[in-house]
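Step one of this worksheet: look at the structure below.
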Amino acid sequence: MSYIKDKFKVKADELSAEVKELIKNHGNTKIEDVTLAQVYQGMRGITGLVTETSLLDANEGIRFRGYSIPELREKLPKAPGGKEPLPEGLFYLMLIGELPTEADVQTISSVLGRRSHVPNHVFDAIDALPLTTHPMTMFTIAIMALQTESLFAKAYAEGINKKDYWSYVFEDSLNLIARLPRVAAYIYRRKYKGGQHIQPNGELDWASNFAHMLGYTDDAFNELMRLYMVIHADHEGGNVSAHTTHLVGSALSDPYLSFAAGMTGLAGPLHGLANQEVIKWILDMREELGGGMPTKDQIEAYVRKTLADGKVVPGYGHAVLRKTDPRFTAQMEFAKTHLPNDELVRIVWMVYDTVPGILTELGKAKNPWPNVDAHSGALLVHYGLVEYEFYTVLFGVSRALGVLASLCWDRALGLSIERPKSVTTEWMKLFVEGKAEVIEG
Ligand code: HAX
Numbered sequence: 006m007s008y009i010k011d012k013f014k015v016k017a018d019e020l021s022a023e024v025k026e027l028i029k030n031h032g033n034t035k036i037e038d039v040t041l042a043q044v045y046q047g048m049r050g051i052t053g054l055v056t057e058t059s060l061l062d063a064n065e066g067i068r069f070r071g072y073s074i075p076e077l078r079e080k081l082p083k084a085p086g087g088k089e090p091l092p093e094g095l096f097y098l099m100l101i102g103e104l105p106t107e108a109d110v111q112t113i114s115s116v117l118g119r120r121s122h123v124p125n126h127v128f129d130a131i132d133a134l135p136l137t138t139h140p141m142t143m144f145t146i147a148i149m150a151l152q153t154e155s156l157f158a159k160a161y162a163e164g165i166n167k168k169d170y171w172s173y174v175f176e177d178s179l180n181l182i183a184r185l186p187r188v189a190a191y192i193y194r195r196k197y198k199g200g201q202h203i204q205p206n207g208e209l210d211w212a213s214n215f216a217h218m219l220g221y222t223d224d225a226f227n228e229l230m231r232l233y234m235v236i237h238a239d240h241e242g243g244n245v246s247a248h249t250t251h252l253v254g255s256a257l258s259d260p261y262l263s264f265a266a267g268m269t270g271l272a273g274p275l276h277g278l279a280n281q282e283v284i285k286w287i288l289d290m291r292e293e294l295g296g297g298m299p300t301k302d303q304i305e306a307y308v309r310k311t312l313a314d315g316k317v318v319p320g321y322g323h324a325v326l327r328k329t330d331p332r333f334t335a336q337m338e339f340a341k342t343h344l345p346n347d348e349l350v351r352i353v354w355m356v357y358d359t360v361p362g363i364l365t366e367l368g369k370a371k372n373p374w375p376n377v378d379a380h381s382g383a384l385l386v387h388y389g390l391v392e393y394e395f396y397t398v399l400f401g402v403s404r405a406l407g408v409l410a411s412l413c414w415d416r417a418l419g420l421s422i423e424r425p426k427s428v429t430t431e432w433m434k435l436f437v438e439g440k441a442e443v444i445e446g
């Protein structure tokens, strides 16, 4: 691993120098004006963050270091006999900014395998929770319990030079990514499989070892896990889980604390929890209609009822995207290859034929198209992973790759503690009347 860390340091030193020059020469350049609506409505569209690992285009979707999802599926190294990219390769790409070789991916795979030991007190912390606890709550608590292992926190307590922060954050990030599948699988097996745990297999790649610890042995499920771990990893910096991890990290909270905070955000139904909400919504619809395949008219009626009840249609819409999410399309392609006749998948596709027209007709949602969460559950159900409350944990394990690679960059670039300015509505009213000055933050 040390050669990858050395390579990261070289890249980080180069970029740090460029950023210093940019700030020195263009620090006062205005990027855009901010409207009152943007301040009230979730800061939508305000450029206020730098995230090196990926960039989102409203129409094209996500690009990781310039590569789209179809390009990643083609160019990243695969497991022997596999067709889907290995997530270890995506992690390397996000960290270093270059496509990895097979050897780079092998190195990361074996480092993650070697570092996957989880101390017993973490399992004890999970075991102390009632079985009824939501898996995302268990996951977040387990990550907090793992914080005892933070090298950054120990080094900071002993006193380190700020130039070295990145090195400890780098080690913590690798250790955390290595441990998360074991923690997540423990939660799954405890809650749903009577506590019959499965030991890791160090011979397997990161995603298929995760599948193995969950209890799945099907090769196609390994492929799904590799694809799943790649497409959920990163979505630039402003989404709730990435932004929260970055924000908390900016206070020099260590990667365990920062990532746990990000996961509490991922657990919200407008963000990562939407993946469980989608499948729940489809299953509820099917139950209400008496089972089997619904007709197009029945789906349309159910969508309209959902909206009339003042609820969102889960899996549709996005704060930035304005077209079908390429992460949805990648899963659709996977389904066309591996499970084209699956009933639930066909319902997902029928919903895709129905919802955008209705949301467009109603004219409220800025994006009527499906996002990543609209498809993922149906694929998991097909392979037997029917416990949908667990789905956001899968998302969280994947999201670690992106937000922790970003956290390494945050510390390597010496980014500041985040502290935007806030105002009161009283101030807003005076400002629009020309009676208040902009207060310097
Ligand atoms: N169903 C019904 N109404 C929707 C909608 C949907 N799928 N998507 C947006 N709208 C509504 C909004 O609730 C909002 O209504 P109000 O003015 O009454 O508040 C209006 O349309 C305008 O919203 P928007 O500007 O188009 O969307 P936002 O940027 O505010 O929100 C969301 C983006 C993703 C939160 C939103 O589209 C939504 O709630 N979708 C359903 C939940 C979902 O799928 N979330 C997962 C998103 C992807 C992700 O983060 N995955 O982890």
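Heads up, the sequence shown is in the numbering used here, so the first residue is 6 and it goes up one at a time. Heads up, the beta-carbon is just placed ideally off N, CA and C, and yes, glycines get one too. Computed from a predicted structure; not experimentally measured.
>> Quick check on SER421: does DSSP put it in helix, strand or coil?
In response: coil
> Which stretch, first to last residue, makes up the alpha helix (DSSP H) that contains SER213?
Replying inline: 211-219
> Taking buried to mean at least 16 other C-beta atoms within 10 Å of its own C-beta, is THR359 buried or exposed?
Replying inline: buried
> Residue range of the beta strand (DSSP E) that LEU262 falls in?
Replying inline: Unbroken run through LEU262 is the alpha helix (DSSP H), 260-271; no beta strand (DSSP E).
>> Is HIS323 near the ligand HAX - that is, is its Cβ less than 7 Å away from at least one heavy atom of it?
In response: yes
> Where DSSP assigns a beta bridge to PRO274, which residues make up the other side?
Replying inline: None, per the DSSP bridge assignment.
>> I need the boundaries of the beta strand (DSSP E) containing ILE67, first residue and last residue.
In response: 66-69
> VAL174 and ARG416: beta carbons closer than 8 Å?
Replying inline: yes
>> Once the 5 residues before and after ASP109 are set aside, which same chain residues still bring their CB inside 6 Å of it?
In response: TYR97
> Which stretch, first to last residue, makes up the beta strand (DSSP E) that contains SER255?
Replying inline: Per DSSP, SER255 belongs to no beta strand (DSSP E); it is in the alpha helix (DSSP H), 245-255.
>> Comparing C-alpha positions only, which one of PHE339, PRO135, LEU257 and PHE157 sits nearest to ILE236?
In response: PHE339
> Is ARG49 near the ligand HAX, going by C-beta to nearest heavy atom under 7 Å?
Replying inline: yes
> At a cut of 8 Å, does the segment 406-413 reach the segment 345-363 through at least three beta carbon pairs?
Replying inline: no
>> Whole angstroms are fine: how far does the CA of HIS126 sit from the CA of ALA162?
In response: 22 Å
> Rounded to whole angstroms, how far is the Cβ of THR58 from the Cβ of SER411, which I believe are closer than 8 Å?
Replying inline: 5 Å
> Count the other CB atoms within 10 Å of the CB of LYS426; is the residue buried (16 or more) or exposed (fewer)?
Replying inline: exposed
> Exposed or buried, ARG424, counting other C-beta atoms within 10 Å across all chains shown (16 or more means buried)?
Replying inline: exposed
> Is any heavy atom in the ligand HAX found nearer than 7 Å to the beta carbon of GLU279?
Replying inline: According to the sequence displayed, residue 279 carries Ala and not Glu. Yes, the ligand HAX has a heavy atom inside 7 Å of this Cβ.
> What are the residues that DSSP puts in a beta bridge with LYS83?
Replying inline: PRO90
> Would PRO453 pass as a contact of ILE352 if the rule is Cβ separation under 8 Å?
Replying inline: Only positions 6 to 446 of the chain appear in this structure, which leaves residue 453 out of reach.
>> Using the three-state DSSP reduction, which class does TYR388 fall into: helix, strand or coil?
In response: coil
> Counting along the chain, where does the alpha helix (DSSP H) carrying SER59 start and finish?
Replying inline: No alpha helix (DSSP H) contains SER59, which is instead part of the beta strand (DSSP E) from 59-62.
>> Using CA atoms only, rank isn't needed, just tell me which of LYS369, VAL377, LEU278 and SER7 is closest to GLY315.
In response: LYS369
> alpha helix (DSSP H) containing ASP289: first to last residue?
Replying inline: 279-293
> Among ASP132, TRP171, VAL123 and GLU79, which has the Cα closest to the Cα of ALA17?
Replying inline: TRP171
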